[in-house]
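Student:
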Amino acid sequence: MTQPKAISLISGGLDSLLATKVIMEQGVHVEGINFFTGFCVEGHTHAIRDKHKQKPKRNNALWVAETLGIKLHIIDIVEEYKDVLLNPKYGYGANMNPCLDCKIFMVHKAQQWADENGFDFIITGEVVGQRPMSQRKDTMPVIARESGAQDRLLRPLSARNLPATLPEREGWIKREDMHDFSGRNRKPQMALAAKYGFTDYASPAGGCCFLTDENYSKKLVDLWDARGSREYEMDDIMLLKVGRHIRPKSGFKLIVGREEGENKFLQGYTKQFTTLKTTSHAGPLTLLDGVANDADLELAARITARFSQGKSAESVTVETRRTNGETREIQVAPMPASEIQDSWYV
Amino acid sequence: MSEYELDARRMFCPMPVIRTQDRVKELQPGDILTVICTDPGALSDIPAWCRINGHKVLETAELDDEVVVKIEVCEE
Numbered sequence: 013m014t015q016p017k018a019i020s021l022i023s024g025g026l027d028s029l030l031a032t033k034v035i036m037e038q039g040v041h042v043e044g045i046n047f048f049t050g051f052c053v054e055g056h057t058h059a060i061r062d063k064h065k066q067k068p069k070r071n072n073a074l075w076v077a078e079t080l081g082i083k084l085h086i087i088d089i090v091e092e093y094k095d096v097l098l099n100p101k102y103g104y105g106a107n108m109n110p111c112l113d114c115k116i117f118m119v120h121k122a123q124q125w126a127d128e129n130g131f132d133f134i135i136t137g138e139v140v141g142q143r144p145m146s147q148r149k150d151t152m153p154v155i156a157r158e159s160g161a162q163d164r165l166l167r168p169l170s171a172r173n174l175p176a177t178l179p180e181r182e183g184w185i186k187r188e189d190m191h192d193f194s195g196r197n198r199k200p201q202m203a204l205a206a207k208y209g210f211t212d213y214a215s216p217a218g219g220c221c222f223l224t225d226e227n228y229s230k231k232l233v234d235l236w237d238a239r240g241s242r243e244y245e246m247d248d249i250m251l252l253k254v255g256r257h258i259r260p261k262s263g264f265k266l267i268v269g270r271e272e273g274e275n276k277f278l279q280g281y282t283k284q285f286t287t288l289k290t291t292s293h294a295g296p297l298t299l300l301d302g303v304a305n306d307a308d309l310e311l312a313a314r315i316t317a318r319f320s321q322g323k324s325a326e327s328v329t330v331e332t333r334r335t336n337g338e339t340r341e342i343q344v345a346p347m348p349a350s351e352i353q354d355s356w357y358v
Numbered sequence: 146m147s148e149y150e151l152d153a154r155r156m157f158c159p160m161p162v163i164r165t166q167d168r169v170k171e172l173q174p175g176d177i178l179t180v181i182c183t184d185p186g187a188l189s190d191i192p193a194w195c196r197i198n199g200h201k202v203l204e205t206a207e208l209d210d211e212v213v214v215k216i217e218v219c220e221e
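Residue numbers (the working numbering), protein chains in the order written: chain A, 13 to 358; chain B, 146 to 221.
(1) Could you tell me which whole beta strand (DSSP E) segments of length 3 or greater appear in the region 250-277 of chain A?
(2) Cα-Cα, which of Gln279(A), Thr335(A), Gly322(A), Glu78(A) is closest to Ala349(A)?
(3) Taking three-plus beta-carbon pairs below 8 Å as touching, is the region 147-166 of chain B in contact with the region 177-190 of chain B?
(4) Going along chain B in order, which residues have a C-beta closer than 7 Å to the C-beta of Leu84(A)?
(5) Whose CA, out of Lys201(B), Ala206(B), Asp184(B), Phe157(B), lies closest to the CA of Val169(B)?
(6) On the DSSP bridge list, what partners appear for Glu211(B)?
(7) Under a Cβ-count criterion, where at least 16 other Cβ atoms within 10 Å of its own Cβ denotes burial, should Gly25(A) be classed as buried or exposed?
(8) Using a beta-carbon distance cut-off of less than 8 Å, what residues from the region 270-287 of chain A approach chain B?
(9) What are the partner residues of Gln343(A), as DSSP defines its beta bridges?
(10) Taking Leu84(A) as part of the beta strand (DSSP E), name the residues at either end of that continuous run.
(11) Ile116(A) by DSSP, collapsed to three states: which one?
(12) DSSP three-state label for Gln123(A), please.
(13) Inspect the CB distances between the region 321-336 of chain A and the region 282-290 of chain A and report whether three or more fall short of 8 Å.
(14) May I ask you to list, following chain order, the residues of the region 236-249 of chain A that have a beta carbon less than 8 Å from some beta carbon of chain B?
(15) Smallest Cα separation from Leu80(A): which of Thr211(A), Lys33(A), Asn71(A)?
(16) Within 8 Å (strictly less), CB to CB, does Leu29(A) reach chain B?
(17) CA-CA distance, Ala345(A) and Val212(B)?
(18) Nearest CA to the CA of Ala171(A): which residue from Gly130(A), Ile155(A), Met190(A)?
(19) How is the beta strand (DSSP E) around Ala193(B) delimited, first residue to last?
(20) Bridge partners of Asn46(A), per DSSP?
(21) From what residue to what residue does the beta strand (DSSP E) around Leu288(A) run?
(22) When you compare only the Cα positions, how much space is there between Leu223(A) and Ser147(B)?
(23) From this set, Gly50(A), Ala122(A), Leu84(A), Asn275(A), which residue's C-alpha is nearest Lys94(A)'s C-alpha?
(24) Write down the C-beta distance between Leu297(A) and Asn275(A) rounded to the nearest angstrom, noting that I regard them as a contact closer than 8 Å.
(25) Identify, in the order they occur along the chain, each residue of the same chain with its Cβ nearer than 7 Å to the Cβ of Gln279(A), setting aside the five sequence neighbours on each side.
(26) Could you work out which residue in Val140(A), Ala307(A), Tyr228(A), His120(A) is closest to Ile134(A) when comparing CA atoms only?
(27) For Pro174(B) and Ile216(B), I'd like the C-alpha separation in whole angstroms.
(28) Under 6 Å Cβ to Cβ from Arg318(A), same chain only, skipping five residues before and after it: list those, please.
(29) Per DSSP, which residues does Asp301(A) bridge with? Please list them.
(30) Taking all protein chains shown into account, decide if Arg239(A) is buried (16 or more other Cβ within 10 angstroms of its Cβ) or exposed.
(31) In whole angstroms, give me the CA-to-CA distance for Glu341(A) and Met156(B).
(32) So Arg70(A) contacts chain B; which residues on that side make the cut at Cβ distance below 9 Å?
(33) So, helix, strand or coil for Ala169(A), using DSSP?
(34) If the cut is a Cβ gap below 7 Å, which residues of chain A does Pro174(B) touch?
(35) Is it a yes or a no for the region 110-128 of chain A touching the region 17-31 of chain A, going by three-plus beta-carbon pairs under 8 Å?
(36) Is Pro216(A) helix, strand or coil when you go by DSSP?
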């Protein structure tokens, strides 16, 4: 037979790196596939926040592919992913993370890609018992079944704990050269990484999705509640990653830049939102998301002034600009920290 | 050989890479693609994608708040 071909789901973490390497060692041609949902932690915050500027920037999925010497196909699934997030058949995890539906969807997309490109099977870095929702012994067959991949889905790190798959039965790979990892203990993965000489991999078990983050999930739910609709666009989910989110009244929310990098990022949204900027003192750029009358705008200006260098001044000048272009300067007393209620922070 | 430009401003990693990948698929070996981005991460990500997929980075530059990566499309 010609050399078998596998497509490997590459998240950028250690498990998919190892799983791919295990199969490459068996002489299989492997290429990587990485899906971008819009909620991926990868990259965005590095691009937005100034304090990360000194850290080397890299996309871990690309780094994994380069380390392995394989091609990587990055697929934009932002639009299709909305249905996964909004209508998960298997529900959510601890936060707004539809992990099981997400994995089913990604394996399904990988299967489609494999069919279209003449690949024989799919690899993931899943480990039995490692995650409470998507990586349990009882849910792993669900992923294989509902994705349509069936026995073409191979988990090399846990393969010896699972029923034999097509590539094993066909003799393309040897079961005994795969692993029987299980549970949340990361030591076997670290030992395997050491064996292969992988040292600079991304933090083991590090979350790669904002939806598993409690604070991010709260902001997302707040956005939906405020709009009375669970729809979202790419800009919405990007803005949830940036700044302090403060909702002093039900009708509007403020997004207050925390540093220069965020202010610069928020600058790109000044045509879509009412904005506030201190002019008498250095300070943040604030976007106002919602509807605000003049009194609301003054309240927003006082909060913005609170986060400026004039927070202790008696009066701070704030420029407000509505989306119709109407611009004015108002003098406000910065709101004392004690008056900003904890419940306002989203 | 033809020269093309891709505007990937205001996109954040990995969107500039995805747009580059999709555009390169439509081009011929020898074509030149200049990608303009505002995400500084593109300065490392697009060259990494090129190395992985066998394309040649001719030039990278950081100008004010923009990043420019010039690529020669090669046979994959």
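Every residue gets a Cβ at the ideal spot worked out from N, C-alpha and C, and that includes glycine. Predicted, not measured: the structure shown is a model, and the values here were computed from it.
Tutor: Based on what the coordinates show:
(1) 256-261, 264-268
(2) Gly322(A)
(3) yes
(4) Ile197
(5) Lys201(B)
(6) Leu208(B)
(7) buried
(8) Lys276, Gly280
(9) Thr329(A)
(10) 84-88
(11) helix
(12) helix
(13) yes
(14) none
(15) Lys33(A)
(16) no
(17) 40 Å
(18) Met190(A)
(19) Note, Ala193(B): premise wrong, no beta strand (DSSP E); alpha helix (DSSP H) at 187-198.
(20) Ile86(A)
(21) 286-290
(22) 42 Å
(23) Gly50(A)
(24) 4 Å
(25) Leu297
(26) His120(A)
(27) 11 Å
(28) Pro346, Met347
(29) Lys265(A)
(30) exposed
(31) 32 Å
(32) Gly186, Ser189, Asp190, Ala193
(33) In the sequence as presented, Ala is not what sits at residue 169(A); that position holds Leu. If DSSP states are grouped into helix, strand and coil, Leu169(A) belongs with coil.
(34) Here the premise fails: no neighbours, minimum Cβ distance about 16 Å.
(35) yes
(36) Model confidence at Pro216(A) stands at a pLDDT of 46, short of 50, so the residue's coordinates are unreliable; what they give is reported in the following sentence. The answer is coil: DSSP assigns Pro216(A) none of H, G, I, E or B.
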